[in-house]
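Data block below; observations after.
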Amino acid sequence: MLEEYGELDWWPAEGPFEVMVGAVLTQRTAWTNVETALQALKAAGVDGPAALLSLPSGRIEGLVRPSGTYRQKAARLRALFGEVESGGGLGPFLSLPPAELRRRLLAIRGIGPETADSIVLYAASGHVFVVDAYTRRLLGRLGIGVGEEGYDRVAAWFVRGLPRDIGTYRNAHAVIVEHCKRRCRAIPLCGGCPLARECPSVVNG
DNA sequence: ACCCAGGGTCATA
DNA sequence: TATGACCATGGG
15 MLEEYGELDW WPAEGPFEVM VGAVLTQRTA WTNVETALQA LKAAGVDGPA ALLSLPSGRI
75 EGLVRPSGTY RQKAARLRAL FGEVESGGGL GPFLSLPPAE LRRRLLAIRG IGPETADSIV
135 LYAASGHVFV VDAYTRRLLG RLGIGVGEEG YDRVAAWFVR GLPRDIGTYR NAHAVIVEHC
195 KRRCRAIPLC GGCPLARECP SVVNG
């Protein structure tokens with residue numbers, strides 16, 4: 015997949031703040047809808063935790079509405095950046111040791127393992143592997159049973175097999191998502207996949 | 001008129 | 001532990 019897609023320089027964002035907002039907004043949501051919401055936030059001058067927290071909840075809800083489940087997501091953003099500010103702001107918060115940062119994130123309402131790890135990996139350059147629905151789907155299509163196991167076990171499986179390098183972790187997740195988004199179409203890897211016959215994308219055309 | 005999308009929480013059994 | 005309901009918009 016690395017040969018097929020190369021280095022993707024994925025997760026386009028202007029900085030850590032935008033990565034964190036995007037990580038919450040993309041929960042069970044197509045990225046195109048996230049972009050609309052991110053643009054609305056930017057147009058409203060929301061460029062950091064303080065700016066976001068200065069807005070009333072209803073205003074935040076309106077801005078993130080295009081990303082769906084907007085009441086939940088507005089509350090989650092408030093909770094997240096409330097923690098960030100009480101931790102001294104973006105810099106100090108993201109500079110925490112990755113393991114502690116991850117624990118702090120998981121303790122926040124609405125931040126689960128994938129959202130937390132996306133923030134750790136893409137905003138704080140912490141050494142964690144992000145496991146999402148695409149990752150499990152790919153493992154399933156390849157007949158690798160570990161994809162059925164719990165989040166931490168799946169992540170550990172990748173950690174064991176990959177070079178211990180931030181860039182590798184970022185790009186590995188990126189190519190998995192980009193590959194699956196294209197539904198395994200016109201991609202050589204699928205032609206060589208022994209289970210292509212059972213791949214839902216192939217079956218569904 | 002469906003189905004799904006870069007999850008997470010909560011109530012049940 | 002393991003399902004199911006719920007959140008809710010936009011594109012195919």
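Just so we're aligned: 199 in my numbering is position 185 of the first sequence, and the numbers increase by one with no gaps anywhere.
Here a beta-carbon is modelled for each residue, glycine too, at the ideal position from N, C-alpha and C.
Could you tell me whether the region 145-161 touches the region 116-125, using the rule of 3 or more Cβ pairs below 8 Å? no
With a threshold of 16 other CB atoms inside 10 Å of the CB of residue 40, please say whether the residue is buried or exposed. buried
Collapsed DSSP secondary structure at residue 41 in the structure displayed: coil
Alpha carbon to alpha carbon, how far is residue 156 from residue 108? Give it in angstroms, no decimals. 35 Å
Can you tell which of 97, 96, 72 and 95 has the C-alpha that lies nearest to the C-alpha of residue 85? 72
Just reading off the alpha helix (DSSP H) that residue 179 is part of, what are its end residues? Residue 179 -> no alpha helix (DSSP H), and no H or E assigned at all.
Go to residue 112, then tell me how far its alpha helix (DSSP H) extends in each direction, as first and last residue. 112-120
Coil, strand or helix - residue 144 by DSSP: coil
Do the CB positions of residue 104 and residue 63 come within less than 8 Å of each other? yes
With 16 as the cutoff for other CB atoms within 10 Å, does residue 149 come out buried or exposed? buried
Is residue 37 a contact residue of the ligand ATP, with contact defined as CB to any heavy atom under 7 Å? By its list of ligands, the structure shown contains no ligand whatsoever, and the ligand ATP lies outside what it can speak to.
Is residue 83 helix, strand or coil by DSSP? coil
How is residue 71 classed by DSSP in three states: helix, strand or coil? helix
State the Cα-Cα distance for the pair residue 70 and residue 93, rounded to the nearest angstrom. 13 Å
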